[in-house]
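Chains as they are written, first to last, in the working numbering: chain A, 311 to 555; chain B, 311 to 555. Worksheet: the structure to be examined is printed underneath.
Structure (structure tokens):
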């Protein structure tokens, strides 16, 4: 099934790289602009695991036309990423120099903790035109799925990475009205401990793989003490319980 | 000009209200999902000024089919907003009870400092099905336009409203790697003063009306001392200068 919708005129521009925010997971949460650029890009690049599997590629799979040049940027765990981005920037740069347009797929939003910025810096410093198309970030998608507004009025909202040590987590959480704690993974137990200490567990909601079919969400306090969290998970906290109150 | 694109099957659902994130201003920065719902909604509601002018309505103007029932929720400056949302929720609720679908337009993302949450709470408490479709927030759009990534790695990113007093602003900014200071308007001079005191002016970028034709952006230090900022403006700060370094 398909529908008519407005095209983005005059995009993409030859010789330009676009960091495309493709949204949190549900294919329809891509913007019209990113969708349009994707239809016409000559080259499509995306981050992938060592085995070639790419969540970004999977998200937009229904939208990618056939016959495109594809570049999987394979990030190897435990190895330095800089040489990988160096090589990817050189490969992409060659296509740009040939007048091709390159779409770099970015889960969520490219500039919100996204690895695209490492390519962006390299390509821009090499003199290539690079544009960023903002996308729906996982933080906004998690809030929407949970029915839990992030922040309102004069609330301070903090985005706090789970890998920070417990002291820093405690310090940041103590000084905010609302928080999104990201990158939980193996830091989940430590993060829960701090939230508990601060008496915020009953204000905390947990969600993983927001908008994907495997999505799971639950009040944090209802998870078993030994629950595990994947990397793509988040805890949202609001001190008032509901932001609108 | 128009193109084929995937429809969102089985949406919208009769008797449901949708808070639609419509993005920061450029009409193409709406998601396929919000666009699809908008095409089929029976009723379209949006916040408006007293005189009826609505930025949200203007943003999606190219996308609204003819013949829809429209509800302008007129917010009057200096008057309490609660009775206005009460009345709007009752009006929308009547359409929902009739089995109609209602799209509520929300600039940016509905749950990121958006007024939709006040309707969301009222409609949900009255027992109506309410869904939120996340959107591209102004924060992500400002970063994209500026070419300035918001945060990377284990950065803490704070969203700080300009109306907070200088002491609170200082305290929050001192404890963060990166910040987005929103709702500047008449608080602009105070905010600039605090940023200056903390020695962060050369790390700060100013942008107003991101992605609209009237967009303006400039390093904060290059603005004249008496510069004014509209409500739809933002300062982005990163302590390292560029998040990817």
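Ideal Cβ positions, reconstructed from N, Cα and C, are used throughout, including at glycine. The structure displayed is predicted, hence computed values, not measured ones.
Sequence-distant residues of its chain with Cβ nearer than 6 Å to residue 353/A (five each side left out): In its chain, beyond the 5 residues on either side, 379, 405, 410, 412 have a beta carbon closer than 6 Å to the beta carbon of residue 353/A.
Enclosing alpha helix (DSSP H) for residue 469/B [first to last residue]: For residue 469/B, there is no enclosing alpha helix (DSSP H); the enclosing beta strand (DSSP E) has its first and last residue at 467-471.
According to DSSP, residues forming a beta bridge with residue 422/B: 461/A.
Considering only residues of the same chain and omitting the five flanking positions on each side of residue 311/B, which have a CB-CB separation below 6 Å? Here the model assigns residue 311/B a pLDDT of 41, short of 50, so the residue's position is not dependable and the matter cannot be decided.
If you draw a straight line from the C-alpha of residue 325/B to the C-alpha of residue 455/A, how long is it? Inter-residue distance for residue 325/B and residue 455/A is about 19 Å (C-alpha atoms, whole angstroms).
Residue 538/B - DSSP class collapsed to helix/strand/coil: In the structure shown, residue 538/B falls within a coil segment according to DSSP collapsed to helix, strand and coil.
Checking contacts by CB at 8 Å: is residue 316/A closer than that to chain B? So yes, residue 316/A belongs to the interface.
Check whether the segment 533-543 of chain A and the segment 375-389 of chain B touch, using three or more Cβ-Cβ pairs below 8 Å as the test. No contact exists between the segment 533-543 of chain A and the segment 375-389 of chain B.
Any C-beta of chain A sitting closer than 8 Å to the C-beta of residue 323/B? Not closer than 8 Å to any Cβ of chain A, the Cβ of residue 323/B fails to qualify, so no.
Round the Cβ separation of residue 418/B and residue 333/B to the nearest angstrom and send it over; I've been treating them as touching at under 8 Å. Rounded to the nearest angstrom, the Cβ distance from residue 418/B to residue 333/B is 7 Å, consistent with a contact under 8 Å.
Looking at the C-beta of residue 469/B, does it have a partner C-beta in chain A at a distance below 8 Å? Chain A places a beta carbon closer than 8 Å to that of residue 469/B, counting this residue as a contact.
Quick one: measure Cβ to Cβ for residue 451/A and residue 355/A, integer angstroms, because I've assumed they're closer than 8 Å. Not confirmed; about 23 Å, so no contact.
Cα separation between residue 468/A and residue 474/B? Using only the alpha carbons, I get a separation of about 15 Å.
For chain B, find out if any of its Cβ atoms is closer than 8 Å to the Cβ of residue 464/A; answer yes or no. Using a Cβ-Cβ cut-off of 8 Å, residue 464/A counts as an interface residue toward chain B, since at least one Cβ of chain B sits closer than that to its own.
Using a Cβ-Cβ distance under 8 Å, would residue 542/A count as near chain B? Not an interface residue.
Counted within 10 angstroms of its Cβ, other Cβ atoms place residue 398/B as buried (16 or more) or exposed: With 16 or more other Cβ atoms within 10 Å, it is buried.
Beta-carbon within less than 7 Å of residue 366/B's beta-carbon, same chain only, minus the 5 sequence neighbours each way: which residues are those? Take residue 366/B, set aside five residues on each side of it, and the residues of its chain with a beta-carbon closer than 7 Å to its own are 332, 356, 357, 415, 416, 417, in chain order.
Please check if any C-beta of chain B sits within less than 8 Å of the C-beta of residue 481/A. Flagged as an interface residue toward chain B: residue 481/A, by a C-beta distance shorter than 8 Å.
Going along chain B, which residues have a C-beta under 9 Å from residue 453/A? Within 9 Å Cβ-Cβ: 419, 420, 421, 422, 442, 444.
Under the rule that 16 or more other beta-carbon atoms within 10 Å means buried, what is residue 518/B, buried or exposed? Residue 518/B comes out buried.
Report buried or exposed for residue 515/A, applying the criterion of at least 16 other Cβ atoms within 10 angstroms of its Cβ. Answer is buried; the Cβ neighbour count reaches 16.
Go through its chain and collect everything with a Cβ distance to residue 497/B's Cβ below 6 Å, but skip five positions before and after it. Cβ-Cβ distances below 6 Å link residue 497/B to 472, 473 in the same chain, with the five nearest sequence neighbours on each side left out; the list follows chain order.
Please list, in chain order, the chain A residues whose beta carbon lies closer than 8 Å to that of residue 494/B. Within chain A, no residue comes near residue 494/B; the closest Cβ sits about 13 Å away, beyond 8 Å.
Between residue 505/B and the rest of its own chain, which residues show a CB-CB distance below 6 Å, the 5 nearest in sequence each way excluded? So the qualifying residues of the chain are 511, 514.
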